[in-house]
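Numbering (my numbering), first residue to last: 1 to 536.
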């Protein structure tokens, strides 16, 4: 007898088709049968060792978070309710060009410091891997939800070239090609870049194109955080579309927003650009989070020249008065590349977390608010905080526009990504709320998307980008990565004031046919594993 039958569920199968009533039978980690309208038809109903009454609940594929920063959280936090409670059954990590494989001892230490604001310092993690394959093997020991990995181009450049702002030599470029190829062979699904983060931002398009050709040869995709989401946003999108065309590589645009005052109401221009490329045969997808503020680290706003040489050199430059004044001039008067070419608006920069708890007084305030309280300039506050916290502060950037968010999420190649940073005292609520916020706020309350269409954005579309042959749909033979939610009550619990509150209306989540959430509570099941690139 099979393990589980989910009875009388309203199945939204991920395809975008209308919902239907069915009994769904799960066994051995897969969906083994779907009996539509069993009760109404009066037919023999399937039996199993366990029955779950799903009356009033929607059964859908598990949600795929196309942009996650859980690289260490998956290892240090077996509970991982931040994602499991949202109905997320698969995360794509290794984002924004910086993560923890492939590395050697030198670059591991450098990367840990560079992205401590994203993932914490990692003092509670045993870094017993160096290659992509070894990292994925570590995940395979058991994690809360599944994870796919992108080879981080910035980490690759740090390993092969270092943190200097210069062109790679031919030997270094060949080294990078080999590192990317090895990562793909070991199971990565593509490559990411952080082109406003050092050292990845030092790569010119020709270098990126060469690496993308390697990615494409393995059937992977390129996922850039491109060079500007502000003053040069449209040009940056055009650059990535052309680069991917030149490399003949599928393109997935990370957190595809149009932010800052210069881009208010300009989402249609981006969508026109994408529509033209798609009509010409380009393979493009994108992800967004359903909120207006962005989230990153405070140090990321510095100009690229200030980051040359890595974290230690940044600290030295900040400590030197003359160099710090040059940094301020670029940020406040010119608009640094780290802040997307827009002169700093300190009233939009809210400190969301610090590495040192003794600096908690800054959290929840904008830099401008702290400056006024302290009788100092905003730059003095920002500089002192970066030095005192050794580059660890995270920030919210209140620079988005609601009309742009809604326009982009309607597009036919849109998928969902939380970009969720789980560090800090007051992280962005998207880390805990992205997927229920789509379903509750944008579907039920605002009607921006029909339910069936929204579920497709969060399931089958990302599964297709990842080339997963047995996930993303409720189909017989597919993996039983499933979520049951109440469409009348599903909602994000997280807010800007209380960001670590779990959502409501998602009682059950299954990974590989096993309950990781049951009756609204996290179980002790660790059914997640690495999801590796499917060979052509």
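Every residue, glycine too, gets a C-beta built ideally from N, C-alpha and C. None of these values were measured; they are calculated from a predicted model.
Classify residue 44 as buried or exposed, calling it buried when 16 or more other Cβ atoms lie within 10 Å of its own Cβ. Reading the chain shown from its first residue, position 44 is the one you call residue 44. Label assigned to residue 44: exposed.
Could you work out which residue in 87, 448 and 209 is closest to residue 290 when comparing CA atoms only? For the purposes of this step, residue 290 is identified with residue 290 of the chain shown, where counting begins at 1. Among 87, 448 and 209, the Cα nearest to that of residue 290 is on 448.
Do residue 310 and residue 116 have their C-beta atoms closer together than 9 angstroms? Start at 1 with the first residue of the chain shown, and residue 310 comes out as number 310. Start at 1 with the first residue of the chain shown, and residue 116 comes out as number 116. Going by C-beta atoms, residue 310 is not nearer than 9 angstroms to residue 116.
Below 8 angstroms, can you find three or more Cβ-Cβ pairs linking the region 81-97 to the region 432-440? yes
Alpha carbon to alpha carbon, how far is residue 249 from residue 184? Give it in angstroms, no decimals. Position 184 of the chain shown, counted from the start, is the residue given in the question as residue 184. Position 249 of the chain shown, counted from the start, is the residue given in the question as residue 249. Roughly 14 angstroms between the two C-alpha positions.
Who pairs with residue 260 in a beta bridge, going by DSSP? Residue 260 sits at position 260 when you count from the first residue of the chain shown. The partner list for residue 260 (beta bridge, DSSP) is empty, contrary to what the question assumes.
Do the region 352-362 and the region 377-392 meet, that is, are 3 or more Cβ pairs less than 8 angstroms apart? yes
Do you know offhand how far residue 221's Cα is from residue 405's? Position 221 of the chain shown holds residue 221. Position 405 of the chain shown holds residue 405. Between the alpha carbons of residue 221 and residue 405 lies a gap of roughly 24 angstroms.
Taking just the CA atoms, how far does residue 500 sit from residue 581? Given that the chain is displayed from residue 1 to residue 536, the structure contains no residue 581 and the question cannot be resolved.
How many whole angstroms separate the CB atoms of residue 67 and residue 236, which I take to be in contact at a CB cut-off of 8 angstroms? Within the chain shown, numbered from 1, the residue matching residue 67 stands at position 67. Within the chain shown, numbered from 1, the residue matching residue 236 stands at position 236. Rounded, the Cβ-Cβ distance is 17 angstroms, inconsistent with contact.
Shortest alpha-carbon distance to residue 217 belongs to which of 233, 180 and 238? Residue numbering aside, residue 217 sits at position 217 when the chain shown is read from its first letter. Nearest to residue 217 by C-alpha distance, out of 233, 180 and 238, is 180.
Segment contact flag, the region 324-337 with the region 453-465, C-beta cutoff 8 angstroms, min 3 pairs: Contact fails: fewer than three Cβ-Cβ distances are below 8 angstroms.
Just curious, the beta strand (DSSP E) that residue 22 is in, first and last residue? The residue labelled residue 22 in the question sits at position 22 within the chain shown. Run containing residue 22: 20-27, per the beta strand (DSSP E) assignment.
Since residue 348 contacts residue 313 with CB under 8 angstroms, what's their CB separation in whole angstroms? Within the chain shown, residue 348 is the residue found at index 348, counting from 1. Within the chain shown, residue 313 is the residue found at index 313, counting from 1. Not confirmed; about 27 angstroms, so no contact.
In angstroms, rounded to a whole number, what distance separates the CA positions of residue 241 and residue 251? By 1-based counting over the chain shown, the position of residue 241 is 241. By 1-based counting over the chain shown, the position of residue 251 is 251. Spanning the two alpha carbons is a distance of roughly 7 angstroms.
According to DSSP, is residue 99 helix, strand or coil? Numbered from its first residue, the chain shown carries residue 99 at position 99. Reduced to three states, the DSSP call for residue 99 is coil.
Residues that residue 517 bridges to, as DSSP identifies them: As a first step, residue 517 is located in the chain shown; it is residue number 517 there, counting from the start. For residue 517, which the question treats as bridged, DSSP gives the partners 509 and 522.
Quick check: residue 159 and residue 104, are their CB atoms within less than 9 angstroms of each other? The residue given as residue 159 occupies position 159 in the chain shown. The residue given as residue 104 occupies position 104 in the chain shown. For residue 159 and residue 104, yes; Cβs fall inside 9 angstroms.
Tell me the rounded alpha-carbon separation between residue 509 and residue 25. In the chain shown, the residue the question calls residue 509 occupies position 509. In the chain shown, the residue the question calls residue 25 occupies position 25. Cα to Cα, the separation comes out at about 15 angstroms.
Nearest to residue 411 by alpha carbon, out of 36, 270, 55 and 343? Within the chain shown, the letter at position 411 stands for residue 411. Cα-wise, what sits closest to residue 411 is 270.
Using the Cα positions of residue 402 and residue 409, report the straight-line distance between them to the nearest angstrom. Against the chain shown, residue 402 aligns to sequence position 402. Against the chain shown, residue 409 aligns to sequence position 409. Their backbone Cα atoms lie some 11 angstroms apart in a straight line.
Let me check understanding here. Comparing Cα to Cα, which of 407, 140, 400 and 259 lies closest to residue 442? Taking the first residue of the chain shown as 1, we reach residue 442 at position 442. Comparing Cα positions, the closest option is 407.
Measure from the alpha carbon of residue 321 to the alpha carbon of each residue in 379, 351 and 334, then state which is nearest. The sequence position of residue 321 within the chain shown is 321, counting from 1. The candidate whose alpha carbon is nearest that of residue 321 is 379.
Along the chain, where does the alpha helix (DSSP H) containing residue 139 start, and where does it finish? In the chain shown, residue 139 corresponds to position 139, counting from 1. It spans 132-139 - the alpha helix (DSSP H) in which residue 139 sits, taken as one unbroken run.
Would you check if the region 150-158 and the region 294-306 touch, i.e. whether three or more CB-CB distances between them fall below 8 angstroms? no
On a CA-only basis, which of 421, 334, 471 and 318 is nearest residue 590? Give me that one, please. An answer regarding residue 590 cannot be provided, because it is not within the stretch 1 to 536 covered by the chain.
Alpha carbon to alpha carbon, how far is residue 332 from residue 343? If you number the chain shown from 1, residue 332 lands on position 332. If you number the chain shown from 1, residue 343 lands on position 343. Distance from the CA of residue 332 to the CA of residue 343, rounded to the nearest whole angstrom, comes to 5 angstroms.
Across the region 46-65 and the region 118-125, are there enough close Cβ pairs to call them in contact, namely three or more that are closer than 8 angstroms? no
Assuming residue 225 contacts residue 375 (C-beta within less than 8 angstroms), just tell me the rounded distance between them. As a working note, residue 225 is residue 225 in the chain shown. As a working note, residue 375 is residue 375 in the chain shown. About 36 angstroms separates the beta carbons of residue 225 and residue 375, which is beyond the 8 angstroms limit, so they are not a contact pair.
By a C-beta neighbour count over all protein chains shown, 10 Å radius and 16 as the cutoff for buried, is residue 498 buried or exposed? Indexing the chain shown from 1 puts residue 498 at position 498. The residue in question, residue 498, is exposed, as its Cβ has fewer than 16 Cβ neighbours within 10 Å.
Residue 530 and residue 278: beta carbons closer than 9 angstroms? The residue given as residue 530 occupies position 530 in the chain shown. The residue given as residue 278 occupies position 278 in the chain shown. Cβ atoms of residue 530 and residue 278: not closer than 9 angstroms.
Contact between the region 137-146 and the region 188-198 (3+ Cβ pairs under 8 angstroms): No contact exists between the region 137-146 and the region 188-198.
Whose C-beta lies closer than 7 angstroms to the C-beta of residue 486 among residues of the same chain, with five residues either side of it excluded? The residue given as residue 486 occupies position 486 in the chain shown. The residues are 56, 57 and 505.
Among 370, 202 and 350, nearest to residue 307 - alpha-carbon criterion: The residue given as residue 307 occupies position 307 in the chain shown. Selected option, being the one with the closest Cα: 202.
Applying the 10 Å Cβ sphere with the 16-neighbour rule, what's the burial state of residue 286? Reading the chain shown from its first residue, position 286 is the one you call residue 286. By the neighbour-count rule (16 or more Cβ atoms within 10 Å), residue 286 is buried.
Using only alpha-carbon positions, find the residue among 2, 274 and 51 that is nearest to residue 29. Position 29 of the chain shown holds residue 29. Answer by Cα proximity: 2.
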